[in-house]
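Participant: For the sequence shown, the UniProt record's numbering gives the first residue as 1, with consecutive numbering after it.
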Amino acid sequence: MPQECLMLKLASAHCSHPGKRDINEDAIGMRIRSEDACFILSDGVGGESGGYHAARLAIHAALKRFETHGSAGLEQLALGSMAAAHAAILAEQSRSPEHSRMAATMIGLFIDRRRGLAQWIHAGDSRLYLFRRGVLVQRTRDHSLTAQLAAAGLPHENVNPNLLVHSLGRGDMESLHPAAPWSLEDGDAYLLCSDGFWNALSDRELEVQLQLAASVEDWIALLSHKVGCRGMQDNYSAIAIWVGDPQSITLAAVRQ
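1) Helix, strand or coil: which one does DSSP assign to Q148?
2) Helix or strand or just coil, what does DSSP make of I59?
3) Rounded to a whole number of angstroms, what is the C-alpha to C-alpha distance between H225 and R139?
4) Among residues of its own chain, excluding the 5 on either side of A88, which ones have a beta-carbon nearer than 8 Å to its beta-carbon?
5) Tell me whether G124 is buried or exposed, calling it buried when 16 or more other Cβ atoms sit within 10 Å of its Cβ.
6) Quick check on this structure: which residue in G244, T105, E207, A180 has the alpha carbon closest to the alpha carbon of A83?
7) Please state whether the Cβ-Cβ distance between R133 and I249 is less than 7 Å.
8) Tell me which same chain residues have a C-beta within less than 7 Å of the C-beta of H86, skipping the five on either side of it?
9) Reducing DSSP to helix, strand and coil, say where M173 ends up.
10) Consult DSSP for Q93 and reduce its assignment to one of helix, strand or coil.
11) Buried or exposed: where does V137 fall if 16 or more other Cβ atoms within 10 Å of its Cβ makes it buried?
12) When you compare only the Cα positions, how much space is there between L210 and Q233?
13) On the criterion of 16 or more Cβ atoms from any shown chain inside 10 Å, does S100 qualify as buried, or is it exposed?
14) Buried or exposed: which applies to R141, given that a residue is buried once 16 or more other Cβ atoms fall within 10 Å of its Cβ?
15) Whose CA, out of E25, A150, S12, S94, lies closest to the CA of S194?
16) Restricting to Cα atoms, I'd like to know which of R204, A180, S49 is closest to P97.
17) What residue from R114, H143, E92 has the CA that sits closest to L128's CA?
18) Comparing C-alpha positions only, which one of L201, I241, R204, W198 sits nearest to D218?
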C-alpha cells in the first residue's frame, strides 16, 4: 500500500478549437480537489450534431461519477467514469433516433494527490502523453484499426485512420482497463489531446516546446499555436497538467 506523501502542486491549462470546421465536436472537463483530481477529454463522432452532443454527454457523465464517488480508489474512479460516459451515450441513442450513431472517444487522467499516484483510461484515439524530466516516457496506444495493424506488422498505409475499434457508445467496454498506476514525480507533465491535435505534432516537437515553456499556460499556448499554423482541418483540443515544477526539473535535465 503506498504511503501518504507530501502533496505536489497541480497546475493545468487547456485549449479547444474547431479548426476549419463549423462545429467543435471536442469537449473537455476537469476537477481539482484537495485530495484528488480528474482531467477528461472527449472527441465526438456521429455527424450532424451527434458528435457534439456525444462528447459533452461523456464529459458530464464522467465528471458526475467522479464527484459522487470520490472515496473510491483510482481504478474504480477510472472504470466508473468511463462506464458512466458510455451509458449516457447509449441512453441518448435510444431516446433520439437522430443520434443513434453518435459515439465519442475518451481519455481520462485520475490523480490521488494524497498518495501521489496517477492512473488513466481511454477509448478511441484521443491520447495521453507523460513527460518526465522533459522526456516522453509513456503514451497511450490508439484503439484504431491502423494502430492494430501496425502493431501486428501488417500493411496499414491505405486504411482509414479514423476507423476506431473501441469508442463510447459502440461495442463492449468490458475489455478496456486502466493503465497501471504511476507514482507522481516532481516535474511530471501530462498532455491529453484529441487526434486533431496530435496529428499535427511529432513527439519530439512536444518535448521541445515543453523545454521552452516557463509555465503550463506557456506550453499549451506554444503547442496550440503550432497546430493552428499548420491549418488543421479537424477540431483540435488538449489539456496540459504540470506536477510540481516541470520547468525547473526539465531545464536541469536538459542542461546535464
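C-beta: ideal position from N, C-alpha, C; glycine also.
Facilitator: With the structure as the only source:
1) helix
2) helix
3) 22 Å
4) L57, A58, H60, A61
5) buried
6) T105
7) yes
8) L168, G169, M173
9) coil
10) helix
11) exposed
12) 25 Å
13) exposed
14) exposed
15) E25
16) S49
17) H143
18) I241
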